[in-house]
Amino acid sequence: MVRRIAPLAFVVCVGALAAELHVSPAGPLTTLSAARDAARKLPAAEPKRIVVHGGKYFFTEPLVLDARDSGLTIEAAPGETPVLYGGQRITGWQRDGENFWAAKIPERGGQRWHFRLLVVNDRVCRPARLPDSGYLTHASEFPVRWMGTSGGGWQRKPTEEELTTLKYRDGDLGPWLDVNSAEITIYHMWDESLARPRAIDTAARTVTLATPAGHPPGAFGVQRYVVWNVREGMHAPGQWYLDRTAGKVVYWPSPGEDMRAAEAIAPTMESIIRLEGTKDTPVKDVTLRGLALSVTDTPPVAGGFGAGKYDGAVSANYAENCRLERLVIYNTGGQGIKALNTTSMRVVNTEVRDTGAGGILLRGAAAEIADNHVYRVGLRYPSAIGIYCGGQNLNVSHNEVHDTTYTAINCGGSGHRIENNLLYRAMTELHDGAAIYFIFGKNITLRGNLVRDIPDTGGYGSSAYYIDELSEGCLVEHNVSIGVARPSHNHMAKKNTIRNNVFLFDGDMRITLPRSSEFRFENNILWAKGRIVVSNPEAIAESSGNVFCSASRQVEGAPPGTLLADPQLQVEGRRYSFAPGSPAAKLGIEPVDVSAAGRRVTIALK
61 MVRRIAPLAF VVCVGALAAE LHVSPAGPLT TLSAARDAAR KLPAAEPKRI
111 VVHGGKYFFT EPLVLDARDS GLTIEAAPGE TPVLYGGQRI TGWQRDGENF
161 WAAKIPERGG QRWHFRLLVV NDRVCRPARL PDSGYLTHAS EFPVRWMGTS
211 GGGWQRKPTE EELTTLKYRD GDLGPWLDVN SAEITIYHMW DESLARPRAI
261 DTAARTVTLA TPAGHPPGAF GVQRYVVWNV REGMHAPGQW YLDRTAGKVV
311 YWPSPGEDMR AAEAIAPTME SIIRLEGTKD TPVKDVTLRG LALSVTDTPP
361 VAGGFGAGKY DGAVSANYAE NCRLERLVIY NTGGQGIKAL NTTSMRVVNT
411 EVRDTGAGGI LLRGAAAEIA DNHVYRVGLR YPSAIGIYCG GQNLNVSHNE
461 VHDTTYTAIN CGGSGHRIEN NLLYRAMTEL HDGAAIYFIF GKNITLRGNL
511 VRDIPDTGGY GSSAYYIDEL SEGCLVEHNV SIGVARPSHN HMAKKNTIRN
561 NVFLFDGDMR ITLPRSSEFR FENNILWAKG RIVVSNPEAI AESSGNVFCS
611 ASRQVEGAPP GTLLADPQLQ VEGRRYSFAP GSPAAKLGIE PVDVSAAGRR
661 VTIALK
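Here the working numbering is used: position 363 in the sequence shown is 423, and no number is missing along the way.
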């Protein structure tokens, strides 16, 4: 039956299961906030569903769900694709010189609207950049020893001046730099700092930053930086910048793009949907399903490790038994999803792509992150992580993560299972990370994962599987690494087991264990065209059944009992077995089958 509960708002009762409210651009309910308010008028114990029909929805403020909305489902109508935008259209474009078009920046809330992302015709535009590719080299130095995260960080605490001063080289910057508009990315080792300049001293060749960098410029011996959002950084069609001094947004249209007909959208918020519980009154049993979310912003501050300070298009805090299913999150400034203090949350069968920061960030207990596709993350913040999680007893399985500027999957905490993931082309820009990386981990299991094509871009390097500081009791078994020079890196860790893995590389291969101890290393296959080196083999307390095969016949540091022989691998698809009579089979090494790595299902939304 149909029951009228408010003017122009209808609720459909479907048996005794749930009450439905329908949202459509054509009405009667045209916004999710109106539907949420109508749902709150229903009896608290009654299940409620908001069905969102296809179309574009431009939000003026985030949709906030709290404990009053527990039990609510918000989902797309069958066969329809609603797209939720955390921004507004920009209109009034006029020519600005020979190649550029510009539009006046309107005011919002009595202040000029400033934003850090522009989407034109559903494509993230490339920000103006100096240099066009590569990096500038600054002259700042910070020759202080890094003691490790567990060791307290820097041997000497940086001063405020060291954190806010960048010394540039002659000819790179000058009085033309618009400090009102410019932004600077200062690269470190595993992260970067974004800051706006407060002043430039051309005589001393220094830039004073408006906010402190996360590490001093020059830390770790890294002296790279990039300048954004200045007219001098406009090199090719598809680029843009926000001229804060002149109060206009400037864009260089792509070939064939007519700005009089184009749809340009800029963000007005950092999150589109927020689940906001408290420790005492968490949000419970909320489901978001089948929605597309796009266009969010970030503040001009350093994001820290994993760009973790930036919010998500979907944001959650103190949420229990909530479900994020079949979402498509794309063209965002920050994270795709950021969920903190969660219990039994599921993020499944979701696509996150083209994000300024990371894909999925989740901390909590007993969560499931499965069958997701995360790619092209870190477009603005290269420290971004594909799936960044922590807490207790998380299941991170059957995800496909690729084209990440830093780590594909990072976990901290205890009791996690990271299984059957397909990971490739991670670590394309920063250093000291891996396809799968965890720090301070306890009793974490990595099993059945397939990692391939992880480049080494220098610095502290990159790996396939990385066990970092104070990690203990972890198991890495039945995984495959292809095309990774350092498949296993282990730093300041102890009492972990690396067992029955297959590592293949078309060059020199390294297994590294600096400042580690009491490892078990058994039944692993290492095959390389070049030499194979195990550094600090003294960290391996127990070793047996390993087979190393170097086509160049160069092996250094092999642990005791290692057999130097051809394992006679047989590869069928993603199954790695051994020919009859193989020395590996005689040692009891089991075949490794990673056929299940990657997504089992794909989303319906596009």
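Just so you know, even glycine gets a beta-carbon here, dropped at the ideal spot from N, CA and C.
Rounded distance between the beta-carbons of residue j and residue i, thought under 8 Å
| i | j | result |
| --- | --- | --- |
| tyrosine 435 | glutamine 395 | Not a contact, Cβ separation roughly 14 Å. |
| alanine 494 | histidine 549 | 7 Å |
| arginine 109 | glutamate 140 | Their Cβ separation, rounded to whole angstroms, is 15 Å, which puts arginine 109 and glutamate 140 out of contact at 8 Å. |
| tyrosine 301 | serine 241 | 7 Å |
| valine 412 | isoleucine 389 | 5 Å |
| phenylalanine 563 | serine 541 | 5 Å |
| alanine 352 | proline 142 | 7 Å |
| methionine 552 | glycine 212 | Their Cβ separation, rounded to whole angstroms, is 13 Å, which puts methionine 552 and glycine 212 out of contact at 8 Å. |
| glutamate 323 | arginine 149 | 6 Å |
Assigned secondary structure, residue i (DSSP; H/G/I helix, E/B strand, else coil)
| i | result |
| --- | --- |
| alanine 324 | strand |
| histidine 275 | coil |
| aspartate 97 | helix |
| glycine 208 | coil |
| leucine 226 | strand |
| proline 218 | coil |
| phenylalanine 280 | helix |
| alanine 686 | It is not possible to answer for residue 686, since the shown part of the chain is limited to 61 through 666. |
| arginine 659 | coil |
| glutamate 292 | helix |
| glycine 115 | strand |
| alanine 104 | coil |
| leucine 92 | helix |
| lysine 646 | helix |
| lysine 666 | Interpretation of lysine 666 is limited by its pLDDT of 45, a score under 50 that renders its predicted location unreliable; the figure taken from the coordinates is listed afterwards. DSSP places lysine 666 in coil when its eight states are reduced to three. |
| serine 698 | Nothing about residue 698 can be read from this structure; the chain reaches only from 61 to 666. |
| arginine 189 | strand |
| tyrosine 195 | coil |
| arginine 570 | strand |
| phenylalanine 579 | strand |
| serine 314 | coil |
7 Å CB neighbourhood of residue i in its chain, flanking five on each side removed
| i | result |
| --- | --- |
| proline 297 | Trp312, Pro313, Ser314, Pro315 |
| tyrosine 636 | Val540, Val562, Leu629, Pro651, Val652 |
Between the CA atoms of residue j and residue i - distance to the nearest angstrom
| i | j | result |
| --- | --- | --- |
| arginine 320 | alanine 137 | 32 Å |
| cysteine 534 | serine 604 | 18 Å |
| leucine 506 | glutamate 330 | 33 Å |
| serine 642 | glutamine 628 | 6 Å |
| valine 124 | threonine 415 | 22 Å |
| asparagine 455 | serine 200 | 43 Å |
| arginine 256 | valine 355 | 22 Å |
| alanine 66 | phenylalanine 119 | Note on alanine 66: pLDDT 34, under 50, position unreliable in the model; the coordinate value appears next. Each residue's alpha carbon lies about 22 Å from the other. |
| serine 610 | valine 204 | 39 Å |
| proline 360 | leucine 254 | 6 Å |
| phenylalanine 160 | arginine 172 | 22 Å |
| leucine 665 | threonine 410 | Per-residue confidence for leucine 665 stands at a pLDDT of 49, beneath the threshold of 50, marking its modelled position as unreliable; no derived number is given. |
| phenylalanine 500 | aspartate 528 | 7 Å |
| valine 346 | alanine 86 | 26 Å |
| tyrosine 441 | leucine 647 | 46 Å |
| asparagine 560 | isoleucine 649 | 6 Å |
| alanine 367 | glycine 418 | 7 Å |
| proline 103 | proline 122 | 24 Å |
| serine 595 | phenylalanine 498 | 20 Å |
Close Cβ partners of residue i (< 8 Å) along its chain, the five nearest in sequence each way excluded
| i | result |
| --- | --- |
| threonine 517 | Met487, Thr488, Glu489, Leu490, His491 |
| arginine 291 | Ala188, Asp238, Tyr301, Asp303, Val310 |
| valine 343 | Leu125, Asp126, Ala127, Asp129, Ser130, Leu335, Glu336, Gly337, Ala376, Tyr378, Ala379, Glu380, Cys382 |
| alanine 78 | Glu106, Pro107, Lys108, Arg109, Thr133 |
| arginine 100 | Arg128, Asp129 |
Residues near residue i in its chain [Cβ-Cβ closer than 6 Å; skip 5 each side]
| i | result |
| --- | --- |
| threonine 197 | Gln283 |
| leucine 483 | Val461, Ala468, Ala495, Val511 |
| arginine 634 | Val654, Ser655 |
| leucine 348 | Ile134, Leu384 |
| histidine 476 | Leu454, Ile504 |
| valine 738 | As displayed, the chain neither begins before 61 nor continues past 666, which places residue 738 out of reach and without an answer. |
| threonine 151 | none |
| glycine 658 | Glu460, Leu482 |
| valine 179 | Ile325, Val355, Asn391 |
| tyrosine 448 | Gly366, Gly418, Leu421, Asn470 |
Below-8 Å beta-carbon distance, residue i vs any chain C residue
| i | result |
| --- | --- |
| isoleucine 332 | The question asks about chain C, but that chain is absent: this structure has only one protein chain. |
Next item on the list: Pick out the complete beta strand (DSSP E) segments inside the stretch 434-519, 3 residues or longer, and give them in chain order.
Entry: 447-452, 455-457, 460-464, 469-474, 477-479, 482-484, 493-502, 505-507, 510-512
Next item on the list: Could I get the ranges of all uninterrupted beta strand (DSSP E) runs contained in the stretch 224-264, with 3 residues as the minimum, in chain order?
Entry: Fully enclosed beta strand (DSSP E) runs of no fewer than 3 residues occupy 225-227, 243-247, 252-255, 257-261 of the stretch 224-264, in order along the chain.
Item checked: Unbroken stretches of the beta strand (DSSP E), 3 residues or longer, contained in the stretch 588-629 -> The stretch 588-629 contains these whole beta strand (DSSP E) runs: 592-595, 600-604, 607-610.
Notebook entry, point to check: Along the chain, which unbroken stretches of the beta strand (DSSP E) at least 3 residues long are found entirely within the stretch 140-164?
Noted result: List check, beta strand (DSSP E) in window: 142-145, 147-150, 154-156, 160-164.
Item checked: beta strand (DSSP E) runs contained entirely in the stretch 363-424, provided each spans 3 or more residues -> 372-380, 383-385, 388-392, 395-403, 406-408, 411-415
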